[in-house]
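Engineer: Here it is, the structure in full.
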Amino acid sequence: MEKVVTMKNFNYHAAQLFGYQLEYQLILLTKVASMCGSILYKNDAKTMRIYKQEFTSHVARIATHASQYLNNSLIFAWPYTYNGILQEIMMRRLPNPENVDEYDLKMVAIRTREQLMLTGLPNNVYQILIVRAEGNNYESFFEGTGTNCFFDKQHKGFETMMCRITFNSSSWEEQFHVEHRMYNQTFVAEKLNTTIVSEMRCVTFNNNEMTMNQTFSKLNLGTKLQVIADSLKTKIGKDILNGFSGWAITRESNHTKCPDIKLWSSPYNVLALESITALSYTNKGSFTQDCEEFRFFFFM
Numbered sequence: 030m031e032k033v034v035t036m037k038n039f040n041y042h043a044a045q046l047f048g049y050q051l052e053y054q055l056i057l058l059t060k061v062a063s064m065c066g067s068i069l070y071k072n073d074a075k076t077m078r079i080y081k082q083e084f085t086s087h088v089a090r091i092a093t094h095a096s097q098y099l100n101n102s103l104i105f106a107w108p109y110t111y112n113g114i115l116q117e118i119m120m121r122r123l124p125n126p127e128n129v130d131e132y133d134l135k136m137v138a139i140r141t142r143e144q145l146m147l148t149g150l151p152n153n154v155y156q157i158l159i160v161r162a163e164g165n166n167y168e169s170f171f172e173g174t175g176t177n178c179f180f181d182k183q184h185k186g187f188e189t190m191m192c193r194i195t196f197n198s199s200s201w202e203e204q205f206h207v208e209h210r211m212y213n214q215t216f217v218a219e220k221l222n223t224t225i226v227s228e229m230r231c232v233t234f235n236n237n238e239m240t241m242n243q244t245f246s247k248l249n250l251g252t253k254l255q256v257i258a259d260s261l262k263t264k265i266g267k268d269i270l271n272g273f274s275g276w277a278i279t280r281e282s283n284h285t286k287c288p289d290i291k292l293w294s295s296p297y298n299v300l301a302l303e304s305i306t307a308l309s310y311t312n313k314g315s316f317t318q319d320c321e322e323f324r325f326f327f328f329m
């Protein structure tokens, strides 16, 4: 059974097919055993009854153990098997992190989603974020509120995030619930953007030793990303953040020109509404200060 789940990359349909085949074999085995028992104990009804009870008990234990093993294997496939699928596809399609564009990242997300839909337990949908994380001038922060998001930091020039939610397309109650969450998230996005801009915006102050004003960010180049995250958490509030499965910040800086962050955000492909709230902020810097490009992501 271990080979069924591992060699097939925890494929749900492969596990289900094995379950059907095992069930069929156990039925055949039960019939054969019953025939043999009838021949061996045809003149001993009591022994025949005991024989059938013991054999039926053994078959039931085999079926129960197999079912539990396969089900638990599919459950425990999250998140590392899923992340392994994403990394394998990235290695094949993105051999050079320095030479990628958004289309490349998009195709990786599409191919990965196709594989994830066949992995682990059914009735889950997935969203994916892929960010090119090259160079010493790149930083990131992630915080999750549960177990449904997984962040892979600095893996061969990329950082990835994937989240999942339960979604049964045949259940209108579930569709309504997910759509309601996405709809509410569009209103929260406006408040998030206002808070982020308020915290990150530039303020002008006078320097008596200079003849002109200079612009500096309240949370400037020297500020650690964790400090920025802590400040935003306080301003945004736990009630709002706990409504998301996780959130992330990326920061990239450059002195000669503002950096161009290469990323692709692929939300849950189930409804027309967005499931990833993506916001941005630019600190243009100055002659002595690098330009900083920030991206903020809030995952349903």
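In terms of the numbering used here, the sequence shown opens at residue 30 and continues consecutively. Ideal placement from N, C-alpha and C gives every residue a C-beta, glycine not left out.
Which runs of the beta strand (DSSP E) at least 3 residues long sit entirely within the segment 150-227? Give them in chain order.
Structural biologist: 153-161, 167-173, 178-184, 187-195
Engineer: From Met329 to Gln214, what distance separates their C-alpha atoms?
Structural biologist: 8 Å
Engineer: Taking a contact to mean a Cβ-Cβ separation below 9 Å, would you say Ser200 touches Ala277 in this structure?
Structural biologist: no
Engineer: Which term fits Val154, buried or exposed, when burial requires 16 or more other beta carbons within 10 angstroms of its beta carbon?
Structural biologist: buried
Engineer: Can you tell me whether Ala89 is buried or exposed? The criterion is at least 16 other CB atoms within 10 Å of its CB, across all chains shown.
Structural biologist: Residue burial annotation: Ala89 is exposed, with fewer than 16 other C-beta atoms found within 10 angstroms of its C-beta.
Engineer: Leaving out the 5 sequence neighbours to the left and right, which residues in its chain are closer than 6 Å to Pro108 when beta-carbon positions are compared?
Structural biologist: So the qualifying residues of the chain are Phe179.
Engineer: The alpha helix (DSSP H) with Asn125 in it runs from where to where?
Structural biologist: Run containing Asn125: none; DSSP gives neither H nor E here.
Engineer: Which of helix, strand or coil does DSSP assign to Cys320?
Structural biologist: strand
Engineer: Let me confirm a value: Ser351 is counted as buried when at least 16 other C-beta atoms fall within 10 Å, else exposed. Which label applies?
Structural biologist: Here the chain covers residues 30 to 329 and nothing more, so residue 351 does not appear.
Engineer: Using C-beta distances below 6 Å, list every residue in its chain close to Pro288, excluding the 5 sequence neighbours before and after it, in chain order.
Structural biologist: Glu281, Glu322
Engineer: Is the beta carbon of Ile157 closer than 9 Å to that of Met191?
Structural biologist: yes
Engineer: How would you label Glu188, buried or exposed, when you count the other beta carbons within 10 angstroms and need 16 or more for buried?
Structural biologist: The Cβ neighbour count for Glu188, taken over all protein chains shown within 10 Å, is at least 16; the residue is labelled buried.
Engineer: Ends of the alpha helix (DSSP H) at Ala92?
Structural biologist: Bounds of the alpha helix (DSSP H) holding Ala92 are 74-104.
Engineer: Tell me the DSSP bridge mates of Ser63?
Structural biologist: Per DSSP, none; premise fails for Ser63.
Engineer: Per DSSP, Glu281 is paired with what?
Structural biologist: Tyr167, Glu322
Engineer: Quick one: any contact between the segment 97-117 and the segment 136-149, if contact means 3 or more CB pairs under 8 Å?
Structural biologist: yes
Engineer: Could you say if the segment 92-100 and the segment 64-73 meet the contact criterion of at least three C-beta pairs nearer than 8 Å?
Structural biologist: no
Engineer: Could you check what DSSP says for Thr148 in three-state terms: helix, strand or coil?
Structural biologist: Reduced to three states, the DSSP call for Thr148 is strand.
Engineer: Exposed or buried, which one is Ser274 when buried takes at least 16 other CB atoms within 10 Å?
Structural biologist: buried
Engineer: In the DSSP assignment, the alpha helix (DSSP H) including Ile257 goes from what residue to what residue?
Structural biologist: Per DSSP, Ile257 belongs to the alpha helix (DSSP H) from 254-265.
Engineer: Classify Thr311 as buried or exposed, calling it buried when 16 or more other Cβ atoms lie within 10 Å of its own Cβ.
Structural biologist: exposed
Engineer: Helix, strand or coil: which one does DSSP assign to Gly275?
Structural biologist: Correct three-state label for Gly275: strand.
Engineer: Between Leu51 and Leu58, what straight-line distance do the alpha-carbon atoms span, to the nearest angstrom?
Structural biologist: 10 Å
Engineer: If contact is defined by three or more beta carbon pairs under 8 Å, each pair taking one atom from either stretch, is the segment 256-266 in contact with the segment 290-298?
Structural biologist: no
Engineer: In chain order, what residues of the same chain lie with their CB nearer than 6 Å to the CB of Thr279, ignoring the 5 residues before and after it?
Structural biologist: Closer than 6 Å at the Cβ level, and outside the excluded window around Thr279, lie Val160, Ser169, Arg324.
Engineer: Count the other C-beta atoms from every protein chain shown that fall within 10 angstroms of the C-beta of Tyr212, then say buried if there are 16 or more, exposed otherwise.
Structural biologist: exposed
Engineer: How big is the Cα-Cα spacing for Asn242 and Leu308?
Structural biologist: With a pLDDT of 36 at Asn242, under the threshold of 50, the predicted position of this residue should be treated as unreliable, though the coordinate-derived value follows. Rounded to the nearest angstrom, the two C-alpha atoms are 29 Å apart.
Engineer: So what's Ile114 in DSSP terms, helix, strand or just coil?
Structural biologist: helix
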